[in-house]
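Take a look at the structure set out below.
Number of protein chains: 2
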Amino acid sequence: MRTFAVIGLGRFGTAVAETLVANGQEVLAIDIDPDKVEQIGDLVTHAVQCDATDERALKAIGIDNVDVAVVSIGEAIEASVLVVMTCMELGVPEVIAKSGTVKQGKVLEKIGVHRVVYPERESAMRLAHALATPNQLEHLELVKGVGVVEMPVPPRYVGMLLRETQIRTHYNVNVAAVVRSHGLDPRVPLNEQDRVNFIPSPDDLLREGDILLLIGHEHDLARFQEEQ
Amino acid sequence: MRTFAVIGLGRFGTAVAETLVANGQEVLAIDIDPDKVEQIGDLVTHAVQCDATDERALKAIGIDNVDVAVVSIGEAIEASVLVVMTCMELGVPEVIAKSGTVKQGKVLEKIGVHRVVYPERESAMRLAHALATPNQLEHLELVKGVGVVEMPVPPRYVGMLLRETQIRTHYNVNVAAVVRSHGLDPRVPLNEQDRVNFIPSPDDLLREGDILLLIGHEHDLARFQEEQ
Ligand SMILES: Nc1ncnc2c1ncn2[C@@H]1O[C@H](COP(=O)(O)OP(=O)(O)OP(=O)(O)O)[C@@H](O)[C@H]1O
Ligand SMILES: Nc1ncnc2c1ncn2[C@@H]1O[C@H](COP(=O)(O)OP(=O)(O)OP(=O)(O)O)[C@@H](O)[C@H]1O
Numbered sequence: 005m006r007t008f009a010v011i012g013l014g015r016f017g018t019a020v021a022e023t024l025v026a027n028g029q030e031v032l033a034i035d036i037d038p039d040k041v042e043q044i045g046d047l048v049t050h051a052v053q054c055d056a057t058d059e060r061a062l063k064a065i066g067i068d069n070v071d072v073a074v075v076s077i078g079e080a081i082e083a084s085v086l087v088v089m090t091c092m093e094l095g096v097p098e099v100i101a102k103s104g105t106v107k108q109g110k111v112l113e114k115i116g117v118h119r120v121v122y123p124e125r126e127s128a129m130r131l132a133h134a135l136a137t138p139n140q141l142e143h144l145e146l147v148k149g150v151g152v153v154e155m156p157v158p159p160r161y162v163g164m165l166l167r168e169t170q171i172r173t174h175y176n177v178n179v180a181a182v183v184r185s186h187g188l189d190p191r192v193p194l195n196e197q198d199r200v201n202f203i204p205s206p207d208d209l210l211r212e213g214d215i216l217l218l219i220g221h222e223h224d225l226a227r228f229q230e231e232q
Numbered sequence: 005m006r007t008f009a010v011i012g013l014g015r016f017g018t019a020v021a022e023t024l025v026a027n028g029q030e031v032l033a034i035d036i037d038p039d040k041v042e043q044i045g046d047l048v049t050h051a052v053q054c055d056a057t058d059e060r061a062l063k064a065i066g067i068d069n070v071d072v073a074v075v076s077i078g079e080a081i082e083a084s085v086l087v088v089m090t091c092m093e094l095g096v097p098e099v100i101a102k103s104g105t106v107k108q109g110k111v112l113e114k115i116g117v118h119r120v121v122y123p124e125r126e127s128a129m130r131l132a133h134a135l136a137t138p139n140q141l142e143h144l145e146l147v148k149g150v151g152v153v154e155m156p157v158p159p160r161y162v163g164m165l166l167r168e169t170q171i172r173t174h175y176n177v178n179v180a181a182v183v184r185s186h187g188l189d190p191r192v193p194l195n196e197q198d199r200v201n202f203i204p205s206p207d208d209l210l211r212e213g214d215i216l217l218l219i220g221h222e223h224d225l226a227r228f229q230e231e232q
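In the order they appear, the protein sequences are chains L and H. Each residue of the first sequence is one higher than the last, beginning at 5 in this note's numbering. Each residue of the second sequence is one higher than the last, beginning at 5 in this note's numbering.
Right under this line is the structure:
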């Protein structure tokens, strides 16, 4: 059971604290602003008002006992650097910092932060990637150059058996799962039916609205998508 | 070939424009600040200085010709609302807006924006989820309640054949792919060898450092991870 400190309760810090709590984790929430501390008080394990650049104050609230500290105290790089360094000096095993710019992030990495998060850049890149590949629902990079892609079954395969599509032969891409949109038994409650076929058989019939999970090299996946 | 307008070249807008261009897309970049326009000028198809709340100016630069507009002009909700409405009235088929708070996002949804992005919340939730499930490298939600998870092979399966692990029998989870860390032929260049086995056979030997791609219901995946 790991304990987390979230230092700085802006939108990012607050969402981190909320999600950790929703995932059953213990959270120590810290902010210099008493209103922020009060707003989150009922949600987290402990909420404490504290100037995190004050080393003695951080020590006094027991930051040395946490396993992970997330530092998200806004634009001022000096303050972030100070807080990160203090956490590390007090022995916090893992320190993560939010940064606005890559320049600031590099400074934080130089002083040894374990991970830097760039919210605007990361969500922008995800959005742009999704916009550039609109037929793709989700994408995960398995290892360098190998992707896992979720996409609606292309119209030309509708009505075919999986083996008739010859997707693997033509594209070197594997259909790892099929999400059925149809063929559900109306007499059985929806949440008791398996909508996902984890182990597609060659004789599965592909229907309109089905979703395919594909695994393959990125260029093969791209070629598959372009040719639909 | 879709054309994109990015209105507002803060960190988010700039990263959207850069990523779209990197993905081969046409980008019209717009900002009221001439410095921002100049900085991005070499990268995008067109960069234009313009007050996006000025309907005539937006029309004059041809916003009605784009397929997708991404609006990321900062904190002022009134300005964002105005720009979103103008884009929609001028016939832009898809309008996406960045928002800081869920409250602002709801206003934008009410006026018909097709999608709202919350960079701080979304990246915070991703970080927190990753922190709460540290043995998981990547996670994708296939459909509600069904996940695709990438994780290192648990120590107790090292040295076993895939079928000996009985992962499917015990956990109702499918091993959809295995990323080999070993067993590569040192005489063959790395980039010519297939590190990923898309179609794992029951007789594959699992080695230390291998990575498994698992598909299953979330509660089964969680149980699998907890029991390792
Ligand atoms: N020295 C400090 N010690 C503790 N908390 C601090 C300190 N300095 C700033 N904070 C808190 O950090 C929080 C985040 O700061 P701010 O809202 O300026 O940053 P932000 O990075 O823009 O936030 P967001 O996460 O919304 O993007 C605020 O609640 C602020 O009170
Ligand atoms: N009416 C407008 N028309 C065009 N551009 C505008 C307008 N108002 C603001 N902008 C531009 O939008 C950009 C983003 O604004 P700002 O940096 O305030 O927002 P932000 O949402 O905090 O950005 P970030 O993406 O870095 O989080 C700025 O470059 C600004 O010049």
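Just so you know, even glycine gets a beta-carbon here, dropped at the ideal spot from N, CA and C.
Put residue i into one of helix, strand or coil per three-state DSSP.
i              : result
K86 (chain H)  : Before going further, note that residue 86 (chain H) is Leu rather than Lys in the sequence given. Helix.
F202 (chain H) : coil
T7 (chain L)   : strand
M236 (chain L) : The structure shown has nothing for residue 236 (chain L), since chain L only spans 5 to 232.
L216 (chain H) : strand
L225 (chain L) : helix
I67 (chain H)  : helix
A181 (chain L) : strand
G12 (chain H)  : coil
I77 (chain L)  : coil
L56 (chain L)  : It should be pointed out that residue 56 (chain L) corresponds to Ala in this sequence rather than to Leu. Reduced to three states, the DSSP call for A56 (chain L) is coil.
K148 (chain H) : coil
L112 (chain L) : helix
P138 (chain L) : coil
E231 (chain L) : coil
V117 (chain L) : coil
P156 (chain L) : strand
L24 (chain H)  : helix
V72 (chain H)  : strand
I36 (chain H)  : coil
L246 (chain H) : Residue 246 (chain H) lies beyond the residue range present for chain H, which begins at 5 and ends at 232; the question has no answer from this structure.
V96 (chain L)  : coil
V48 (chain L)  : coil
Does the distance from the CB of residue i to the CB of residue j come in under 9 Å?
i              : j              : result
V153 (chain L) : L144 (chain L) : yes
R119 (chain H) : D71 (chain H)  : no
K63 (chain H)  : L32 (chain H)  : no
C91 (chain H)  : I65 (chain H)  : no
V41 (chain L)  : A26 (chain L)  : no
G104 (chain L) : R15 (chain H)  : yes
V88 (chain H)  : G116 (chain H) : yes
L141 (chain H) : I215 (chain H) : yes
A132 (chain H) : A21 (chain L)  : yes
A73 (chain L)  : I100 (chain L) : yes
S127 (chain H) : V121 (chain L) : yes
I34 (chain H)  : A9 (chain H)   : yes
Run the CB neighbour count on residue i, radius 10 Å, all protein chains shown included, and call it buried at 16 or more, exposed below.
i              : result
M129 (chain H) : buried
N201 (chain H) : buried
G12 (chain L)  : buried
D55 (chain H)  : exposed
A80 (chain L)  : exposed
K102 (chain H) : buried
Q29 (chain H)  : buried
V179 (chain H) : buried
G17 (chain H)  : buried
T4 (chain L)   : Residue 4 (chain L) lies beyond the stretch modelled for chain L, which goes from 5 to 232, so this question has no answer here.
I think residue i touches residue j, with their Cβ atoms under 8 Å apart; what is that distance to the nearest whole Å?
i              : j              : result
S84 (chain L)  : V75 (chain L)  : 6 Å
A24 (chain H)  : L135 (chain L) : Residue identity check: residue 24 (chain H) is Leu in the sequence provided, not Ala. The Cβ separation is near 7 Å, so the contact holds.
N139 (chain H) : Q232 (chain H) : 7 Å
L166 (chain H) : P206 (chain H) : 5 Å
V177 (chain L) : G149 (chain L) : That pair is no contact at about 13 Å.
A181 (chain H) : P159 (chain H) : Not a contact, Cβ separation roughly 20 Å.
R184 (chain L) : R199 (chain L) : 5 Å
V217 (chain L) : F228 (chain L) : The amino acid occupying residue 217 (chain L) in the given sequence is Leu; Val does not appear at that position. Not a contact, Cβ separation roughly 13 Å.
A19 (chain H)  : R125 (chain L) : 4 Å
G151 (chain L) : L225 (chain L) : 5 Å
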